[in-house]
Amino acid sequence: MKVAVVGSGGWGTALALVLLENGHEVTLWSFSEKEAEILRTQRENPLLKGVALPAALKICTEIACVAEKELVVFATPSFAVRETAQKAAPYLGDGTLVVSVSKGIEKGTSLRLSQIIDEETKGRCRIVALSGPSHAEEVGRHVPTGCVAASLDREAAEMVQDAFMNERFRIYSSPDIVGVELAAALKNVIALCYGVCDGLGYGDNTRALLMTRGLTETARLGVAMGGKKETFAGLAGVGDLIVTCTSMHSRNHRAGILIGQGKSVEEALKEVGAVVEGYYATDTVRTLAGKYGIEMPISEGAYQVLYNGRHAKDVLMELMCRDKKHEIEDASW
Ligand SMILES: NC(=O)c1ccc[n+]([C@@H]2O[C@H](COP(=O)([O-])OP(=O)(O)OC[C@H]3O[C@@H](n4cnc5c(N)ncnc54)[C@H](O)[C@@H]3O)[C@@H](O)[C@H]2O)c1
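Each residue of the sequence shown is one higher than the one before, counting from 1459 in my numbering.
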């Protein structure tokens, strides 16, 4: 297939390489000329050290490169999905298979990223969300990885499954694009909190408590918004939560550690350098929790620390001292 990958960050580059290895003709679009020049001359992405970019991988900065492609992958940071889809839309043919691999929810509208692409392309494309426990650095090194391709359009999900799947990259298909995209965005908040607990010096018990109760509250919101509970128990749900919480590849985790160690939120975000999606997602999740009337105490705690300057240790103590609950009845998903 003729493919364009829009966004040459770590994830876009790693996926472009998977598609190239699978025999597709791939063009990788860079947001900046400077970034494109580094990729062209060094044949390496600084975010994927040691992973060579074969000469067959075309690099460009013209968004018109999406024209006449059968498959277009959107891999920008979530905040840039709308503007990028807007720029690409005039060049996308009707029925183009579009894969959204970014993770987030739009601030202000609370739309999922596939909904934004659908809006900007006026419903002309077949959209699939691809998500799961997958660090770019590891996919780039051929570490065995599994993801989910989700779409209401079953044929489109299976075409994406076929395009990406190989012996190191296993793809499951799913109709639950709502659950897959929400799980991807919501887990970043929990991963940030996990990092905060690490930064505060707590142990494995706290980590397990946070991941388990974090999954419960994110699934509660996800199901209220139309996602399926099975998705939250699958690769895009608990799978991605585990990998994002436990890995030092995760910027959310790293930002959380710095905050737990006493750095200000601004200092932590600056030190991590790259986009910390969990910071933005925390604000959006709070809005959604209010809109759907869902109790999300951990996400609310994250909001208090990130946006209201509360001390993480105090917030954690408040969470521990909440009213007693029934684990099964309280799950309600
Ligand atoms: N890195 C991973 O392992 C991974 C895995 C799965 C999903 N994701 C998701 O994929 C998305 C991209 O992540 P990443 O790690 O590749 O990001 P990154 O931080 O490595 O790269 C960001 C890229 O976006 C470009 N960019 C910056 N501003 C832009 C704009 N206004 N318009 C278009 N492009 C712009 C930058 O030039 C850069 O190439 C995120 O939503 C992330 O959550 C990442």
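Glycine included, each C-beta is placed from N, C-alpha and C at the ideal position. Being a predicted model, the structure only gives us computed values, none of them experimental.
Of the residues ARG1570, ILE1700 and THR1745, the one whose Cα lies closest to the Cα of SER1609 is ARG1570. Residue pairing by DSSP leaves ARG1678 without any beta bridge partner. Residue pairing of CYS1655 in beta bridges, as defined by DSSP: absent, with no partner found.
In this model, GLY1661 and THR1670 are separated by some 15 Å (Cα to Cα). Under the DSSP definition of a beta bridge, ASN1646 lacks any partner. Here the region 1610-1625 makes no contact with the region 1717-1725; the two share fewer than three CB pairs at distances below 8 Å. Looking at the backbone, the Cα of GLY1653 and that of ARG1712 are separated by about 6 Å. DSSP links GLU1502 through a beta bridge to ALA1510. Taking the C-beta atoms as reference points, SER1589 is found nearer than 7 Å to VAL1638. Excluding the 5 residues flanking it on each side, MET1683 has same chain C-beta neighbours closer than 8 Å at VAL1636, LEU1640, LEU1746 and TYR1750, in chain order. Counting C-beta pairs with one atom in each stretch, the region 1496-1503 and the region 1553-1571 have fewer than three that are closer than 8 Å, which means they do not touch.
Here the region 1732-1741 makes no contact with the region 1674-1692; the two share fewer than three CB pairs at distances below 8 Å.
Between ILE1629 and ALA1607 the beta-carbon gap is near 5 Å, inside 8 Å, which marks them as a contact. Contact check for ASN1663 and ASN1710: beta-carbon distance about 21 Å, past the 8 Å limit, so the pair fails to qualify.
A distance criterion of 6 Å places the beta-carbon of ALA1533 in contact range of ligand 1, judged by its closest non-hydrogen atom. Non-local C-beta neighbours of CYS1605 in its own chain, meaning closer than 7 Å and more than five positions away in sequence, comprise LEU1588, SER1589, GLY1590, SER1592, ILE1629 and LEU1693, ordered along the chain. According to the DSSP assignment, ARG1628 belongs to the beta strand (DSSP E) that extends over 1627-1632. Here GLU1735 is buried: its Cβ has 16 or more other Cβ atoms, across all protein chains shown, within 10 Å.
Going by DSSP, PHE1532 is part of the beta strand (DSSP E) stretching over 1529-1532. For secondary structure counted as the alpha helix (DSSP H) over 4 or more consecutive residues, the region 1564-1594 holds these complete runs in sequence order: 1571-1578.
The alpha-carbon of LEU1658 is positioned some 7 Å away from that of LYS1771. Distance from the CA atom of GLY1581 to the CA atom of GLY1553, rounded to whole angstroms, is 9 Å. Given a length threshold of 4 residues, each whole run of the alpha helix (DSSP H) inside the region 1744-1788 is given here in chain order: 1755-1766 and 1770-1778. Inter-segment contact for the region 1459-1470 and the region 1518-1535 is present: three or more beta-carbon pairs are separated by less than 8 Å. According to the DSSP assignment, GLY1551 belongs to no beta strand (DSSP E), since it is labelled neither H nor E. Comparing C-alpha distances from ARG1599 to each of ASN1766, GLN1544, VAL1476 and SER1490 shows the shortest one belongs to VAL1476. The Cβ atoms of GLY1672 and ILE1756 lie closer than 7 Å to each other.
Here LEU1550 is actually not in contact with CYS1523; their C-beta atoms are around 11 Å apart, not less than 8 Å. At a Cβ-Cβ threshold of 7 Å, VAL1539 and SER1560 count as neighbours.
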